[in-house]
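In UniProt numbering, the protein residues as written are 1 to 267.
Each residue gets a CB set at the ideal place from its N, CA and C atoms; glycine is no exception.
As the structure is a prediction and not an experimental result, all values here were calculated from the model.
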């Protein structure tokens, strides 16, 4: 389940209906920067794949990671049905993942920030099972998956870290099912905000203040709530002194109160 005290990565559940092949779109061309990325000098390395690697191992990982890829706000890093070749480490910016049902309805399945991985959904079928859309101008590190597999076999620490990341996805999917199946609107939004601020705090941001990169409609899609319910719940939290809300600027003024809303179900 979602846990504000455990670093989790929000990525798409894999059991969703995919778009028909006739509706699949080619990815929007993206700028690939000319310079190489160095994991050894990245300030996010303790949140990403290099956790626990020695300096010589980091140097070898540096040779694997491709150039950075820039994605403009609103553009796609990949679409449902695209061939799977790489996983992507978010270096800067914010993404959402979404799936579409056969009747054309979109469902937001996760939000990803710096230091988290995108593209794991494509491992099982060699095709991506969701769209990854930038919520702001963003940059990712391209990691060719076939080469990552080879290096993981050589470095047990890298393999262990990659397995931990994939395990988190399974745990997160279970948490989303619990959140959607048994929690009230207030509990869902409280769990979401606590999880989001914890992840941001691990990246050096405030533990109580944040700017939402996603719209309330996108939050509602992720939490299984109508837009009106999300807006009403934000207002309720503000009236009760739990939050200060100014459009997308949020400040948590009563963290214990938010945690109490979740009761025995940890977010």
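Between the CA atoms of residue 63 and residue 259 - distance to the nearest angstrom
C-alpha separation (whole angstroms): 44 angstroms.
Residue 296 to residue 198, Cα distance in whole Å?
Residue 296 lies beyond the range of the chain shown here (1 to 267); nothing can be said about it.
Cβ-based burial, residue 195 [other Cβ within 10 Å; buried from 16]
It counts as buried.
Buried or exposed: where does residue 86 fall if 16 or more other Cβ atoms within 10 Å of its Cβ makes it buried?
Residue 86 comes out buried.
Pull up the distance between the alpha-carbon of residue 89 and that of residue 48, whole angstroms please.
As the crow flies, the alpha-carbon of residue 89 is around 7 angstroms from that of residue 48.
DSSP state of residue 262 mapped onto helix, strand, coil
DSSP places residue 262 in the helix class (H, G or I) of the three-state scheme.
Three or more C-beta pairs below 8 angstroms linking the stretch 129-143 and the stretch 93-100:
Using a C-beta cut-off of 8 angstroms, the stretch 129-143 makes contact with the stretch 93-100, since at least three inter-stretch Cβ pairs fall below that distance.
Does DSSP classify residue 139 as helix, strand or coil?
Here DSSP, grouped into helix, strand and coil, assigns residue 139 to strand.
Taking 7 angstroms as the limit between beta carbons, can you name the residues of its chain near residue 254, skipping five residues before and five after?
Around residue 254: 241, 242.
To the nearest angstrom, how far is the alpha carbon of residue 102 from that of residue 78?
Roughly 19 angstroms separates the two Cα atoms.
Cα-Cα separation between residue 222 and residue 155, rounded to whole angstroms:
Rounded to whole angstroms, the gap between the alpha carbons of residue 222 and residue 155 is 36 angstroms.
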